[in-house]
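S.K.: Please see the structure below; I have some questions.
Dropping the structure here:
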């Protein structure tokens with residue numbers, strides 16, 4: 001299985017996180033990334049960078065869905 005490589009932008013962002021921010025991000029991390037840290041396939045900063053990238057993608061998807069929902073609500077109110 002291919003291990004995902006972190007984006008350079010997210011690597012820089014992960015390096016700039018405070019210890020508290022890193023802990024919070026690690027707490028939200030899915031099992032797959034945690035296991036890769038434990039197996040030493042990724043270092044913590046790389047895993048944090050991937051997690052940041054995943055969360056940004058999920059947030060963008062959520063915002064898009066919420067926008068669609070709001071548009072549907074507006075069209076229902078007009079009817």
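Numbering (the UniProt record's numbering), first residue to last: 1 to 79.
All C-beta atoms, glycine included, are put in the ideal place defined by N, C-alpha and C.
1. On the DSSP letters alone, give me the boundaries of the alpha helix (DSSP H) that residue 4 sits inside.
2. In angstroms, rounded to a whole number, what distance separates the CA positions of residue 42 and residue 64?
3. Output needed for residue 36: all residues of its chain with C-beta closer than 6 Å, excluding positions within five of it in sequence on either side, in chain order.
4. Can you list, in chain order, the residues of its chain with a C-beta nearer than 8 Å to that of residue 28? Leave out the 5 residues immediately preceding and following it.
M.R.: Looking at the coordinates:
1. Run containing residue 4: none; DSSP gives neither H nor E here.
2. Near 31 Å, if we compare the C-alpha coordinates of residue 64 and residue 42.
3. 42
4. 51, 55
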